[in-house]
Amino acid sequence: MTQRRAAQHPAGSVSVRHPIADVRESAGDEIEAERRRHGRHPVAHPSGYVLDVDAGNGLAFSHGFSLSADRVHATCVVGRAHRVTKPRILVIVTIDVTDETFEADVLERSMTTPVVVDLWAPWCGPCTSLGPILESVIDETAGEVVLVKVNIDDNPAIASAFKVQSIPAVFALDQGKVVSTFVGAQPEAQVREFVTALRGSSEPTEIERFREIGDEASLRSALELEPDNEGAIIDLAELLAGEERGTEALELLARIPETPDTRRVAALVRSGGLFTSDEEVEARLNELLEIVKGDDDARQQFIDLLELLGPDDPRTAVFRRKLTTRLF
16 MTQRRAAQHP
26 AGSVSVRHPI
36 ADVRESAGDE
46 IEAERRRHGR
56 HPVAHPSGYV
66 LDVDAGNGLA
76 FSHGFSLSAD
86 RVHATCVVGR
96 AHRVTKPRIL
106 VIVTIDVTDE
116 TFEADVLERS
126 MTTPVVVDLW
136 APWCGPCTSL
146 GPILESVIDE
156 TAGEVVLVKV
166 NIDDNPAIAS
176 AFKVQSIPAV
186 FALDQGKVVS
196 TFVGAQPEAQ
206 VREFVTALRG
216 SSEPTEIERF
226 REIGDEASLR
236 SALELEPDNE
246 GAIIDLAELL
256 AGEERGTEAL
266 ELLARIPETP
276 DTRRVAALVR
286 SGGLFTSDEE
296 VEARLNELLE
306 IVKGDDDARQ
316 QFIDLLELLG
326 PDDPRTAVFR
336 RKLTTRLF
């Protein structure tokens, strides 16, 4: 399967957790109190309005907030591709975002498609100017970028999660991270540049095409183009390990820095494919525990089997603790 290449973004990345579950319970009360004091949201500058929320860059969250009683509404505008003979149109989809669904509707969506979050309000003049520009530019991407419009009057929790200080505030999420942002109404040229940076390249490179084919000849062709391509080296080494050509596989892996993937393939080579199921691996680990302290080969095999289980398997941490206990 062809993978979408990561776009190059001008701003640094900020990891995103689940904002709706982690924002402060008082956020909505603070904004409402500000409205009662001023009768409206005070003006920050000609292009936006100040919100009475904490200052901050990127996303920062506190614990203890729950939206179990309230539904949060956002509008998602998606550009869709059509046949050349038909004009592109905007398809507007309303998403009911809750504490449980925000991650799937926004964060998980950004793992496959860049998401632009537009925080706005009906009373904000610059917002009504920027909105149509965003919708038009993102529609032209034919689905390569998704626009989510969040009315902060209806969704003070989301505004607080994003640490919004003024609106319109626009955040771009890619691979679950905030990668770029801007505040205030912007001309179409700048909006287009912002969106273009998210699109990256949808066409696979020649090396990516060779890796997608995945046979030995194709992978060696990829390495002729780029001898130190780590992905192609790991793919080929794993293929050779499966064909019991372990020496060749280890020689390939020696050309690149050690990573979790190189350790996994090296472990696959050294294990010789003797263990075909997790149950067999676990049984062998229990056997090796009895002899690891005085047997270097047993200790290496134990570590290799943990690599085959992988770091996400809960048994890996359990057996690592058991190994430490036996050795020390």
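In the numbering used here, each residue carries its 1-based index in the sequence shown increased by 15. Idealized CB from N, CA, C, for every residue including glycine.
Determine the DSSP secondary structure at residue 197, reduced to helix, strand or coil.
strand
The alpha helix (DSSP H) with residue 148 in it runs from where to where?
140 to 154
Compare the C-alpha of residue 321 against each of 297, 154 and 152 and name the closest.
297
Quick one: is residue 54 buried, meaning 16 or more other Cβ sit within 10 Å of its Cβ, or exposed?
Note on residue 54: pLDDT 42, under 50, position unreliable in the model; no value is reported.
Output the boundary residues of the alpha helix (DSSP H) element that contains residue 299.
293 to 304
Close-in-space but distant-in-sequence residues of the same chain around residue 234 (CB under 6 Å, 5 per side omitted)
247, 250 and 251
Taking only three categories from DSSP, how would you classify residue 124?
helix
I need the straight-line Cα distance from residue 340 to residue 333, nearest angstrom please.
11 Å
By the three-class DSSP mapping on this structure, what secondary structure does residue 173 have?
helix
Could you give the DSSP three-state label for residue 46: helix, strand or coil?
Only weak support exists for where residue 46 lies, its pLDDT of 40 falling under 50; the coordinates are left without a value.
If you measure between the beta carbons of residue 160 and residue 173, is that distance less than 7 Å?
no
Report, in whole angstroms, the separation of the C-beta atoms of residue 199 and residue 147, which I expect to be a contact under 8 Å.
Residue 199 to residue 147, Cβ: 16 Å. No contact.
Given a cut-off of 7 Å, decide if residue 145 and residue 162 are closer than it, judged by their beta-carbon atoms.
no
Let me check understanding here. Comparing Cα to Cα, which of 157, 265 and 236 lies closest to residue 277?
265
Can you tell which of 307, 325 and 326 has the C-alpha that lies nearest to the C-alpha of residue 317?
307
Can residue 283 and residue 256 be called in contact, C-beta distance under 7 Å?
yes
Output yes or no for whether 7 Å exceeds the beta carbon distance between residue 214 and residue 152.
no
Quick check: what's the CA-CA separation for residue 313 versus residue 232?
36 Å
With a CB to CB cut of under 6 Å and the five nearest residues on each side skipped, what residues in its chain are close to residue 319?
282, 285 and 286
In the structure shown, what three-state DSSP assignment does residue 83 receive?
For residue 83, the pLDDT reaches just 28, beneath the cut-off of 50, and the residue's location in the model is therefore unreliable, although a value from the coordinates is still provided. Residue 83: coil per DSSP, three-state reduction.
Going by Cα to Cα distance, which pick from 302, 134 and 176 is closest to residue 182?
134
Could you tell me if residue 300 is buried or exposed, where buried requires 16 or more neighbouring beta carbons within 10 angstroms of its beta carbon?
buried
Residues near residue 23 in its chain [Cβ-Cβ closer than 8 Å; skip 5 each side]
With a pLDDT of only 42 at residue 23, under 50, the local geometry of the prediction cannot be trusted, and the value read off the model is given with reservation. Cβ within range, chain order: 212 and 215.
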